[in-house]
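J.: Every letter in the sequence shown is one number past the one before it in full-length UniProt numbering, and letter 227, counting from 1, is 227. We put the CB at the ideal spot given by N, CA and C, even for glycine. It should be emphasised that the depicted structure is a prediction, and the values quoted were computed from it without experimental measurement.
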Amino acid sequence: MTQTWTNINPNLSKWKETLKQNMIGKKLSDLRTPSLVIDRTRLERNCQQLGKITTELKIKVRVHVKTHKTLEATRIQLEGAKSDAIVVSTMAEADFMINSDLVLLGFPITPDKFAEVFELSKKVPSFQIFIESYVASNNETAKVNVYMKVDCGYGRAGAPLDQDETVDLAKRLHDSSSVHFLGIYAHAGHSYASENAESAFEYFQNECNAARAFRDLFAQHGIHIQSISIGATPTVKALLRFMNDKNVAKILDGITEVHAGAYAFLDRQQVSTGLGTFDDVVLSVACRVSSIYPSRGSILIDGGALAFSKDTAPQGGFGQLFTDLDRQEPVAALTKIAQEHGVVANLDDNALSRFEIGKVVYVIPNHCCLTAACHAFYLIIEEGKDTVVDVWVPVKGW
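1. Name, in chain order, the residues that DSSP records as bridge partners for Gly183.
2. From the DSSP output, read off the bridge partner residues of Lys60.
3. In chain order, what residues of the same chain have a beta carbon less than 6 Å from the beta carbon of Lys336, not counting five sequence neighbours either side?
4. For Trp398, count the other beta carbons within 10 Å of its own beta carbon; 16 or more makes it buried, fewer makes it exposed. Which is it?
5. Are Ala372 and Leu36 closer than 8 Å when you measure CB to CB?
6. Could you name the residues of the same chain whose beta carbon sits closer than 6 Å to that of Lys123, not counting the 5 residues immediately before and after it, in chain order?
7. Sort out for me which residues DSSP pairs Asp390 with in a bridge.
8. So Ala188 and Ala219 are supposed to be a Cβ contact under 8 Å. How far apart are they, rounded?
9. Pick from Glu79, Ala159, His341 and Thr323: whose alpha carbon is nearest that of Ala307?
10. Compute the Euclidean distance between the alpha carbons of Ile299 and Leu325, then round it to the nearest angstrom.
11. With C-beta atoms as the reference, is Tyr275 less than 8 Å away from Pro234?
12. Contact between the segment 166-177 and the segment 103-120 is defined here as three or more beta-carbon pairs at a separation below 8 Å; is this criterion met?
13. Contact check, Phe265 vs Leu239 under 8 Å by CB: the rounded distance?
14. If I measure Cβ to Cβ from Thr312 and keep anything under 7 Å in the same chain, skipping five residues before and after, which residues do I get?
15. Taking DSSP's pairing of strands, which residues face residue 405 in a bridge?
16. Do Met148 and Ile109 count as a contact pair if the criterion is CB distance below 8 Å?
17. Would you mind sorting Met91 into buried or exposed? The rule is 16 or more other CB atoms within 10 Å of its CB.
18. Between the segment 236-252 and the segment 154-170, do three or more beta carbon pairs fall short of 8 Å?
19. Helix, strand or coil for Ile292, going by three-state DSSP, please let me know.
20. Determine the DSSP secondary structure at Ala115, reduced to helix, strand or coil.
21. Would you check if there are 3 or more beta carbon pairs closer than 8 Å linking the segment 42-60 to the segment 72-81?
22. Starting from the C-beta of Ile24, find all residues in its chain whose C-beta is less than 8 Å away, skip the five residues before and the five after it, and write them out in chain order.
23. Helix, strand or coil for Leu169, going by three-state DSSP, please let me know.
24. Throw me the rounded Cβ distance for the Phe278 and Gln320 pair, which I believe falls under 8 Å.
25. Compute the distance between the beta-carbons of Val248 and Leu57, then report whether it is under 8 Å.
26. I believe Ser194 touches Ala200 by the beta-carbon criterion, under 8 Å. Please report the beta-carbon distance rounded to the nearest angstrom.
27. From what residue to what residue does the beta strand (DSSP E) around Ile251 run?
28. Nearest CA to the CA of Arg75: which residue from Ile53, Leu43, Lys14 and Thr54?
29. Go ahead and label Gln269 buried or exposed: buried means 16 or more other beta carbons lie within 10 angstroms of its beta carbon, across all protein chains shown.
30. Measure the Cβ-Cβ separation of Ile59 and Leu252 and say whether it is below 8 Å.
31. Quick one: what's got a C-beta closer than 8 Å to Lys359's C-beta in the same chain, skipping five residues either side?
32. May I ask which residues mark the beginning and end of the alpha helix (DSSP H) holding Ser199?
33. Mapping the DSSP letters down to three states, classify Phe242 as helix, strand or coil.
34. Start and end of the beta strand (DSSP E) containing Val344?
35. Going by C-alpha to C-alpha distance, which of Ile53, Leu28 and Lys27 sits closest to Ile255?
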C-alpha cells in the first residue's frame with residue numbers, strides 16, 4: 001500500500017517567538033478577539049490532582065494531549081500526574097511529542113501509516129499504537145508495541161467482547177513476530193452522560209468489570225496480557241472524588257493504568273456532570289460585544305462556530321458567558337451561533353446594562369477539545385489576571 005506521511009509546519013517555532021514578542025505583557029483587551037485564553041494557574045491545579053492516583057493508588061497514569069496539542073501543557077500534565085506516558089490522537093501529535101518516553105497513538109492505525117510508525121519507533125522505543133483489526137505489514141524486521149482497542153460500552157471504536165473475531169485478533173497479535181502485544185485499552189466515552197459523581201463512578205466500575213472480562217476471555221485462550229488501560233475524564237474525576245470513601249482497590253483489581261485528557265482543562269459539559277465547577281475550567285474564549293439589541297433582549301459577540309465549534313451540552317446553548325475572568329456570576333448562555341456570529345439572548349434590562357459596545361467578555365465553551373482546535377494559538381494568563389504571560393502554539397494536522 002502507498003505510504004502517507006505527516007507534514008508539520010517547519011516555521012512553527014519561529015512564528016511562536018514572533019507571537020510572544022507581540023503579545024506577552026499586553027492586556028487581553030489590547031488584543032484581537034476572538035482569542036482562546038488559558039489560565040495556567042488553574043491548569044496546574046487540575047493536573048496536580050491526577051498525581052494522587054499515582055502516589056496513593058499506585059496506578060500508572062497516562063495523560064491525553066489532544067485537547068491542547070502543545071509541549072507546554074504536556075509538561076504540566078506529566079509533572080502533575082507524576083507520569084512519563086502520554087496518548088496522542090494524530091501522527092502529527094506523536095511526532096511533535098516525540099521526546100516523551102511513552103507515546104501511544106490513540107486512534108486505530110491504518111496501513112498507509114506503517115512506514116511512519118516504524119520510523120517513530122526508532123526514535124522512541126516505547127512508541128505504541130492501537131489495533132482493532134489485523135493488516136499484515138511488508139516490513140519483516142520492524143517490531144511495534146501494540147495495544148488492542150476494546151469496546152467497554154461506548155460503541156464508538158474498539159473490538160467487541162461478544163465476537164469470535166476479537167479472540168482471533170488477540171491471537172494474531174500475540175503470535176505475531178512483528179508485534180509486542182502489550183494489552184488492552186478502553187475509553188469510557190459514554191460516561192460523559194453522567195449527571196453527578198455517583199453516576200460517573202458507576203460508569204467507572206462498569207468499565208473496570210468490562211475490561212477484566214476481556215482479560216479473562218483472552219486468558220481462556222492462552223493469551224496473558226500485561227496491561228489494562230481504562231479511563232475518561234468523568235470516570236477518573238469520580239475515582240478521585242471517591243478514592244477514600246469506596247473500596248477502590250478492589251474495583252481497580254487488575255487495572256494497570258488509567259488515562260484522561262479533558263480533566264486538565266474541563267469545560268461546560270464537564271461542569272454539567274457535577275465533577276467540576278466553572279472556577280475549575282481552565283480555558284475561555286475572549287470576545288467583544290459587537291451590538292446590543294434592547295428591544296429583543298440580546299447582544300451580538302464576535303465569536304461564532306469557528307471560535308467555539310458547534311458542540312452542545314446538557315445545559316443547552318453553546319457556552320456560558322461571563323463579564324470578567326473571576327467568573328463570580330454567569331450572565332447567560334450563548335444562545336445561537338453562526339460562522340462568526342454569537343448571540344446571547346433572553347437578557348433583561350439589568351443584564352443588558354452590564355454591556356457596552358467593544359466590551360470584552362469571556363465564554364466558557366461546551367467542549368474544550370474542539371474549541372481549542374479552532375484556534376491557531378493560545379494566550380496564557382495566571383491567577384485570573386488579564387495580562388498575557390506566554391503564548392502557546394499547538395501542532396496542527398494529521
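T.: According to the structure data:
1. Tyr147 and Ser227
2. Glu257
3. Val343
4. exposed
5. yes
6. Ile98
7. Ile380
8. Actually they do not touch by this definition, with Cβ atoms about 22 Å apart.
9. His341
10. 19 Å
11. A small fix is needed here, since residue 275 is Leu in this sequence, not Tyr. Yes.
12. no
13. With 8 Å as the limit, Phe265 and Leu239 do not qualify as a contact, their Cβ atoms being about 18 Å apart.
14. Asn366
15. Absent from the model: residue 405. The displayed extent of the chain is 1 to 398, so no value can be given.
16. no
17. buried
18. no
19. strand
20. helix
21. yes
22. Val388, Val389, Asp390 and Val391
23. helix
24. 7 Å
25. yes
26. 4 Å
27. No beta strand (DSSP E) holds Ile251; the alpha helix (DSSP H) holding it covers Val248 to Ile251.
28. Leu43
29. buried
30. yes
31. Arg288, Val289 and Thr323
32. Ala197 to Gln220
33. helix
34. Gly342 to Val344
35. Ile53
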